[in-house]
Every structure is written in C-alpha cells, then in structure tokens.
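Inspection log for the structure reproduced underneath, given as structure tokens.
Given below as structure tokens:
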C-alpha cells in the first residue's frame, strides 16, 4: 500500500530507517537519511525520476542512490523483492551508490 511516487519508512532492528519507494511499476529502497542534513527522504517523493528530499530538494536516483550530474552524493541502497503482494527488504545496506535492480510490480500486485 505505497502511493505512487511516494514511500513508506521502515524501521530496522539496529535503529536505521529505510525509505521504500513505489514508482513506475517498481519498488526500490534507500536509506531514509539525506546526505545534506539527514532529511527524511521517505517523506519526500519522486520528481523527474529522482527521490527528492522534502527539506532542501536534494535528489537521488532510486535504483542506485546517486545524485544526478553534476552532483556526486551517494546514499545506501537495499535489496528488495516482491512475493505474494508483499515487499521483502534485506536489512543489510549496500555500499552507497550500489545499483540494485528494482522489484517490478505486476498487474496483480506481485513480482515479475
């Protein structure tokens, strides 16, 4: 139940928080903390294909956590998959800037 071009914020056991975004029939997950001033990325939305921080507008691509050129900031991504209409998240973060294939949503809500 994630709104299009929006996220839900998922708390992890060690206190970290992950923003899980739905966009263009896909699901991607990144750290919830913006590199600028730790703004809550999960409270932002996807604008022009990029996650946009609600505090100051910093942007990151959802599949690799990299800011669009000419910027060079990178955030951590997380592996996700969809099974039986549920999103599963690997709680181990990938190195900042690691590309992760988004999980694709099918017409019935499952994965492709």
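In this note's numbering, the protein residues as written are 1 to 112. Every residue gets a Cβ at the ideal spot worked out from N, C-alpha and C, and that includes glycine. All values derive from a computational prediction rather than experimental measurement.
{"Item": "Rounded to whole angstroms, what is the Cα-Cα separation between residue 25 and residue 104?", "Value": "6 Å"}
{"Item": "Flag this pair as yes or no: are the beta carbons of residue 23 and residue 46 separated by less than 7 Å?", "Value": "yes"}
{"Item": "When you compare the CB of residue 68 with every CB in chain B, is at least one pair closer than 7 Å?", "Value": "Within the model displayed, chain B is absent; a lone protein chain is all it includes."}
{"Item": "Give the secondary structure of residue 12 by DSSP, where H, G and I count as helix, E and B as strand, and everything else as coil.", "Value": "coil"}
{"Item": "Rounded to whole angstroms, what is the Cα-Cα separation between residue 43 and residue 67?", "Value": "18 Å"}
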